[in-house]
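Here is the structure we will look at, set down as structure tokens.
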Amino acid sequence: MPRFAANLTMMYNEHGFLERFAAAAQDGFKAVEFLFPYDFPAAALKDRLVGHGLTQALFNAPPGDWAVGERGIASLPGREDEFRRSIDTALDYTRQLGNRKLHVMAGLIAAGQSREQHREVYLRNLAYAAQTAQADGITVVIEPINTRDILGFFLNRQDDAQAICAEVGAPNLKVQFDCYHCQIVEGDLAVKLKRDMAGIGHIQIAGVPERHEPDLGELNYPYLFDLIDTLGYDGWIGCEYRPRAGTSAGLGWLKPYLQQDA
644 MPRFAANLTM
654 MYNEHGFLER
664 FAAAAQDGFK
674 AVEFLFPYDF
684 PAAALKDRLV
694 GHGLTQALFN
704 APPGDWAVGE
714 RGIASLPGRE
724 DEFRRSIDTA
734 LDYTRQLGNR
744 KLHVMAGLIA
754 AGQSREQHRE
764 VYLRNLAYAA
774 QTAQADGITV
784 VIEPINTRDI
794 LGFFLNRQDD
804 AQAICAEVGA
814 PNLKVQFDCY
824 HCQIVEGDLA
834 VKLKRDMAGI
844 GHIQIAGVPE
854 RHEPDLGELN
864 YPYLFDLIDT
874 LGYDGWIGCE
884 YRPRAGTSAG
894 LGWLKPYLQQ
904 DA
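In the numbering used here, the protein residues as written are 644 to 905.
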């Protein structure tokens, strides 16, 4: 049966960030994820997790300067030292929060820049991140993201992400399969899930095209959830969507799965 993690960056924005843990637990979530923990001491986040019986499923390594539009630095030439420091910071948080998955964002490539050079840097940086994370039993995941939401993002396709993981060759480097991004770029999700499941380390969901609850739009999520179960995926499924209105009021789609888990 699928297990769902609330994405506290996108969900429960009716509350301050530290209050979102309690709100998610009250609605029946057993796990949470979010983009970045670095604005808060790890101890404060750990207290919320423990106090509300929640598992930390995933967060992202530092992405560069998010406020000025950077969306990761893993593929950016000349930023290798900063990238290594970012992995050290992220792993310090994982040790304290207990999550076993760490998302590393590729970053942006501008028109006229060398894709080959970016890819070479990306491969080296991912090899470093995976090797460094392996001592703590952490799986590093990379995510193809559509260029409608993030124009110029370096990694967009599932097959490219799987090929990069194969080329690096680290057993703890896998792909984050975001159904929303994959549908926008490629479609044919069921076939890709069947093809790539062995290399998938984390799954996320949202309705397409508006990125609201997964109960409206182009994707038949009940079918996909059954397929994901059949394929043997036992990780968390991150709910990375923007609620149409109040978060709790929009969780009707989740209730049947919580009842099965009761």
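Glycine is no exception: its CB is placed at the ideal position from the N, C-alpha and C atoms. Note that the coordinates shown come from a computational prediction; the quantities given were computed from them, not determined experimentally.
V828 is positioned such that its CB atom lies no closer than 9 Å to that of N863.
With respect to H824, E856 sits apart: the two C-beta atoms are not nearer than 9 Å. Around the beta carbon of E676, a 10 Å sphere encloses 16 or more other beta carbons of the protein chains shown; the residue is thus reported as buried. In the structure shown, Q760 falls within a helical segment according to DSSP collapsed to helix, strand and coil.
If you check the CB distance, R722 and T775 do not come in under 9 Å. Per DSSP, the continuous alpha helix (DSSP H) segment holding L740 begins and ends at E723 to L740. Within the same chain, A717, E723 and F726 come within 7 Å of N768 by CB-CB distance, once the 5 residues on both sides are set aside. Annotated three-state conformation of E853 is coil, per DSSP.
Inter-segment contact for the segment 813 to 821 and the segment 734 to 741 is absent: fewer than three beta-carbon pairs are separated by less than 8 Å. Assigned with DSSP and collapsed to three states, F664 falls in helix. Between A648 and L701, the C-beta gap is smaller than 9 Å, which places the two residues in contact.
By the criterion of a C-beta distance shorter than 7 Å, R691 is surrounded in its chain by L661 and F664, once the five residues flanking it on both sides are discounted. Between the alpha carbons of L798 and A804 lies a distance of about 7 Å. Cβ atoms of I807 and Y765 come within 8 Å of each other, at about 7 Å. Per the coordinates, the alpha-carbon of D831 lies some 15 Å from the alpha-carbon of G860.
Judged by DSSP in its simplified three-state form, G881 adopts strand. Within its own chain, the residues whose Cβ lies closer than 7 Å to the Cβ of I871, once the five positions on either side in sequence are excluded, are P645, L836 and I846, listed in chain order.
DSSP, reduced to helix, strand and coil, places R646 within a strand of the structure shown. Between the alpha carbons of Q801 and G795 lies a distance of about 16 Å.
Scanning its chain for C-beta atoms nearer than 8 Å, with the 5 sequence neighbours on each side dropped, one finds around W709 the residues F679, in chain order. The alpha helix (DSSP H) runs lying completely inside the segment 758 to 823 and spanning 4 residues or more are 758 to 777 and 801 to 811, given in chain order.
When G755, G696, G712 and A685 are compared, the shortest CA-CA separation from T732 is found for A685. A distance below 6 Å between beta-carbons, with the five flanking residues on each side excluded, links G715 to the following residues of its chain, in chain order: P706, M748, A749 and G750.
A Cβ-Cβ distance of about 6 Å is found for the pair I848 and I880, placing them in contact under the 8 Å criterion. Between the beta-carbon of R743 and that of I752 there is about 30 Å, and that puts the pair past the 8 Å contact cut. By the criterion of a C-beta distance shorter than 7 Å, A773 is surrounded in its chain by V783, V811, A813, N815 and L816, once the five residues flanking it on both sides are discounted. According to DSSP, N863 shares a beta bridge with no other residue.
Around the beta carbon of A754, a 10 Å sphere encloses fewer than 16 other beta carbons of the protein chains shown; the residue is thus reported as exposed.
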